[in-house]
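Novice:
Residue numbers (my numbering): 2 to 84.
1. Quick check on this structure: which residue in 38, 68, 52 and 31 has the alpha carbon closest to the alpha carbon of residue 21?
2. Between which two residues does the alpha helix (DSSP H) harbouring residue 20 extend?
3. Given that a residue counts as buried once 16 or more other Cβ atoms are within 10 Å of its Cβ, and exposed if not, what is residue 73?
4. Between which two residues does the alpha helix (DSSP H) carrying residue 36 extend?
5. Label residue 55 either buried or exposed according to how many other C-beta atoms from any shown protein chain fall within 10 Å of its C-beta, with 16 as the threshold for buried.
6. For residue 50, name the three-state secondary structure that DSSP assigns.
7. How far does the beta strand (DSSP E) with residue 57 in it extend, from its first residue to its last?
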């Protein structure tokens, strides 16, 4: 049986891409940034791996989604202020 080598740079989840040596805190957008605010500064670490493509946000499930799909995560947070 031939061995099939899959490089570590392959990302299998939708809307992800491999990035090499990027800031772990600023390498991708997260849904929580829409209601808690964007990071003030970026860490100087060197993270490599699969991150959301530009224009997509990482949700609580770990998927990369468009910003309007983050709404389900934002609504409970906003409602807590109204109560």
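From the three backbone atoms N, C-alpha and C, an ideal C-beta is built for every residue, glycine too.
Specialist: Reading off the structure:
1. When only C-alpha atoms are compared, the closest one is 52.
2. Counting along the chain, residue 20 falls outside any alpha helix (DSSP H), though it belongs to the beta strand (DSSP E) covering 17 to 23.
3. With fewer than 16 other Cβ atoms within 10 Å, it is exposed.
4. Per DSSP, the unbroken alpha helix (DSSP H) holding residue 36 starts and ends at 34 to 37.
5. So residue 55 counts as exposed.
6. Under the three-state reduction of DSSP, residue 50 is assigned to strand.
7. Unbroken beta strand (DSSP E) run through residue 57: 57 to 59.
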